[in-house]
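Chains as they are written, first to last, in the working numbering: chain A, 142 to 339; chain B, 142 to 339.
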């Protein structure tokens with residue numbers, strides 16, 4: 142008789158099944174929902190379903206969208222000569238937030254991970270090659286700086302080399318605001334390797 | 142054009158409006174929902190509404206319940222001589238998880254906080270006094286060990302003193318598994334004050 146309400150227990154289970162939410166946080170969230178005005182809960186509930194029903198993947202760049210092609214692929218203001226390759230839709234949001242990139246994207250849907258059985262055929266690699274017409278001049282590889290991201294970067298670089306397209310990768314080095322003293326060896330090594338002339 | 146889907150943006154907003162969920166976590170949760178099977182999202186969505194529609198407060202102890210009185214108040218197996226007073230329904234769950242308490246509960250719905258304008262009339266204090274019939278022999282005050290909880294404990298102790306009922310409070314001291322060396326002064330002071338004979 143730990144939970145006096147089965148419905149609350151179910152909601153706690155639902156929240157706890159989401160990534161990065163533990164049991165205690167799930168409990169706090171469920172109690173918060175109980176205190177929310179009913180109409181707000183109805184809105185929340187509706188948006189959850191809406192996301193499943195309205196959101197799809199763009200048939201060109203495989204970013205999330207509600208209209209196909211997505212607003213970035215369809216835009217006349219974007220530079221169609223550059224494609225930034227990322228792992229997930231969240232990475233598109235991260236790059237867009239910099240307001241420094243005006244090209245197009247290509248969302249792979251993950252990174253190569255032989256241990257997890259994820260090979261090139263599980264990612265949107267073929268779909269990237271299809272996009273490489275004469276207009277495209279540069280491919281920026283913006284994958285995560287971890288083992289899977291590295292593997293994918295090297296794989297794509299090798300794959301794209303025979304084509305006459307510039308392939309670049311985003312810089313790895315010390316994050317802004319960090320302390321050189323506390324940087325790990327791998328990061329500092331990359332920062333030294335990637336030094337630029339002043 | 143940071144978000145290419147308005148619905149995803151709305152869902153991120155919804156998640157981010159919940160306590161202890163930041164913007165980045167909200168983004169990760171929204172992407173997780175997008176990848177969940179539709180029927181699971183429908184269940185989640187339904188349970189949210191169910192919580193608002195089915196869950197009420199017990200008219201005796203003010204814990205959350207789906208039937209009034211709640212399963213604890215209605216149980217014949219619980220010891221009706223002891224009432225454990227707590228701040229929130231979550232605290233009932235915490236005490237129940239110990240499997241050490243077999244009495245009844247009384248959920249105040251918060252703690253006294255003059256700064257936030259929360260006085261005794263905002264809590265279920267009157268409703269506690271109504272429950273104190275001849276059968277009740279002990280009131281255990283299990284409020285949070287912070288300023289508001291202390292204030293409420295002292296207030297209730299003073300209020301209950303004239304009645305011939307034992308009023309106790311849960312012990313404050315070193316948590317199990319902690320280090321005496323790293324205990325803060327206030328906790329160690331309470332632990333010394335609350336020492337027990339061996």
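Backbone N, C-alpha and C define an ideal beta-carbon position, used for all residues, glycine too.
Bear in mind that the values here come from a model prediction, so they are computed numbers and not experimental data.
In the three-state scheme derived from DSSP, where H, G and I count as helix and E and B as strand, residue 254(B) is classed as strand. When the alpha-carbon of residue 266(A) is set against those of 308(A), 238(A), 185(A) and 293(A), the nearest one is in 293(A).
Residues of the segment 179 to 213 of chain A with a C-beta atom less than 7 Å from some C-beta of chain B are 179, 182, 183, 185, 186, 188, 189, 190, 191, 192, 193, 195, 196, 204, 205, 206, 207, 211, 212 and 213, listed in chain order. If you draw a straight line from the Cα of residue 143(B) to the Cα of residue 161(A), it is about 24 Å long. Within chain A, 188, 191, 192, 195, 196 and 207 have C-beta atoms less than 7 Å from the C-beta of residue 148(B), given in sequence order. Using beta-carbon distances, residue 231(B) counts as an interface residue toward chain A, with a partner under 9 Å. Cβ-Cβ distances below 7 Å link residue 199(A) to 206, 209, 210, 211 and 214 in the same chain, with the five nearest sequence neighbours on each side left out; the list follows chain order. If you draw a straight line from the Cα of residue 317(B) to the Cα of residue 332(B), it is about 12 Å long. By the criterion of a C-beta distance shorter than 6 Å, residue 279(A) is surrounded in its chain by 223 and 307, once the five residues flanking it on both sides are discounted.
Closer than 9 Å to the CB of residue 224(B) there is not a single CB belonging to chain A.
Chain B places a beta carbon closer than 9 Å to that of residue 161(A), counting this residue as a contact.
According to DSSP, residue pairing for residue 280(B) in a beta bridge involves 224(B) and 308(B). The segment 170 to 187 of chain B and the segment 152 to 160 of chain B touch, with three or more beta-carbon pairs separated by less than 8 Å. DSSP places residue 247(A) in no alpha helix (DSSP H) but in the uninterrupted beta strand (DSSP E) bounded by 245 to 248. One thing to note: residue 248(B) has its Cβ no nearer than 9 Å to the Cβ of residue 146(A). Contact of residue 174(B) with chain A by beta-carbon distance below 9 Å involves 159, 189, 192 and 193. Using a Cβ-Cβ cut-off of 8 Å, residue 234(B) is close to 143, 144 and 168 of chain A, given in chain order.
When Cβ-Cβ separations below 9 Å define contact, residue 155(B) makes contact with chain A. For residue 231(A), the enclosing alpha helix (DSSP H) begins and ends at 230 to 239. Secondary-structure assignment with DSSP links residue 197(A) through a beta bridge to 206(A).
The beta carbons of residue 281(A) and residue 225(A) sit about 5 Å from each other, so the pair counts as a contact at 8 Å.
Rounded to whole angstroms, residue 164(A) and residue 243(B) show a C-alpha spacing of 24 Å.
For residue 297(A), the uninterrupted alpha helix (DSSP H) run begins and ends at 288 to 301, by DSSP. Put simply, of 277(B), 252(B) and 219(B) the residue whose alpha carbon is nearest the alpha carbon of residue 295(B) is 252(B). Taking a Cβ-Cβ threshold of 8 Å, the residues of chain A close to residue 171(B) are 192, in chain order.
For residue 148(A), the enclosing alpha helix (DSSP H) covers residues 147 to 157.
In the three-state reduction of the DSSP assignment, residue 162(B) falls in the coil class, being assigned neither a helical nor a strand state.
One alpha carbon belongs to residue 185(B), the other to residue 257(A), and they sit about 28 Å apart. In terms of CA proximity to residue 327(A), 291(A) leads the group 291(A), 227(A), 259(A) and 337(A). Around the C-beta of residue 238(B), fewer than 16 other C-beta atoms lie within 10 Å, and the residue is accordingly described as exposed. When the alpha-carbon of residue 181(B) is set against those of 202(A), 182(A), 181(A) and 158(A), the nearest one is in 158(A). Residue 325(B) has its alpha-carbon roughly 15 Å from the corresponding atom of residue 335(B).
The alpha carbon of residue 177(A) has as its nearest neighbour, out of 183(B), 174(B), 192(B) and 179(B), the alpha carbon of 192(B). When Cβ-Cβ separations below 9 Å define contact, residue 297(A) makes no contact with chain B. Closest option to residue 300(B), judged by alpha-carbon separation, among 270(B), 234(B) and 235(B): 270(B). Per DSSP, residue 215(A) is one residue of the alpha helix (DSSP H) stretching across 212 to 215.
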